[in-house]
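This report concerns only the one structure given below.
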Amino acid sequence: MSKRLVVMGDSFTEGVGDDDPAYPNGVRGWADRVAEQLAAHDPDLRYANLAVRGKLMGQVLAEQLEPALDMRPDLVTLYAGGNDLMRPSVDIDALMDDYDKAIGRLIESGATVVVFTGVDGVEDALFRKMRGRVAIYNEHTRVIAARRGALVVDMWAMRQLRDRRMWAPDRLHLNALGHTEVAIAVLDVLGATHELVGTDLGPRATLSPRERRQQNLQWSREHAWPWVRRRLRGESSGDHIMPKRPVLSPVGQSG
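Structure representation (structure tokens):
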């Protein structure tokens, strides 16, 4: 099994939505769960998490690619572009050209590389509007992975992630249940032994139109408008956040 695991990306990989004060930056997430499972079978594993919330793909690649390569990892995970896709003016083709080059460099370094497709937001009114952009992103990702020899975690196919109960109240980030599902998918793609078990949440409650409107209004007040205000001010949720594990260290240590 790999001895040096480096993960790159934005809030998804940092672990935002899975609050846990026992972990660096106050979040746990799927990547920490993957590292813990791998370390249980390989005590020599060293783990670094360079991901920072709010980062666009260009920022992820500019700020994290060279440090990741310098660590000479055996295993790298990379997911970036979700924040770009939320911007209507995004040039997805240009974005994925840069992604392709970065994945190529990681593969050429000798690392096993894991990439991700985006989640299918068909059941959420807001994210349904982004569905076409995410589908284009996903097709680029699959083509790049096939050509470069990267592994793909297909979150688009993970129907359980369509359930809002897998998501934090902001509807942008997975909660502990969702992050666990992603961790299982990553470990399965790697063919790694693990003890993680998914959650069967059972049937979803049926909401009346009135209840749905109330929930949407509350979400708009508490999460959507603060996000819009940050955008208008040119601010990012990650402006003052540092990577939670900036150097390779044993999984039980934060570096």
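If you read the sequence shown in this note's numbering, its first letter stands for residue 87, the second for the next number, and so on. All C-beta atoms in this analysis are idealised placements derived from N, C-alpha and C, irrespective of residue type, glycine included.
Simplified DSSP state of residue i, which is helix, strand or coil
i	result
M252	helix
L273	helix
N111	helix
L334	strand
R245	helix
V120	helix
L258	coil
M143	helix
G264	helix
L287	coil
L151	helix
Neighbour-count burial assignment, residue i, 16 or more Cβ in a 10 Å radius
i	result
G218	exposed
D274	exposed
E267	buried
V229	exposed
L293	exposed
T279	exposed
E100	buried
P289	exposed
S97	buried
K330	buried
A269	buried
R114	buried
D179	exposed
G338	exposed
M143	buried
L247	buried
L377	Nothing can be reported for residue 377, as the shown portion of the chain is limited to 87 through 341.
Assumed close pair residue i, residue j - CB separation to whole angstroms, cut-off 8 Å
i	j	result
F202	M241	6 Å
L161	A197	6 Å
M244	A211	That pair is no contact at about 20 Å.
Start-to-end residues for the beta strand (DSSP E) that takes in residue i
i	result
A134	132-135
Start-to-end residues for the alpha helix (DSSP H) that takes in residue i
i	result
E100	97-100
In chain order, which beta strand (DSSP E) runs of at least 3 residues are fully inside the stretch 157-243?
-> With a minimum length of 3 residues, the continuous beta strand (DSSP E) runs that stay inside the stretch 157-243 are 161-165, 198-202, 237-239.
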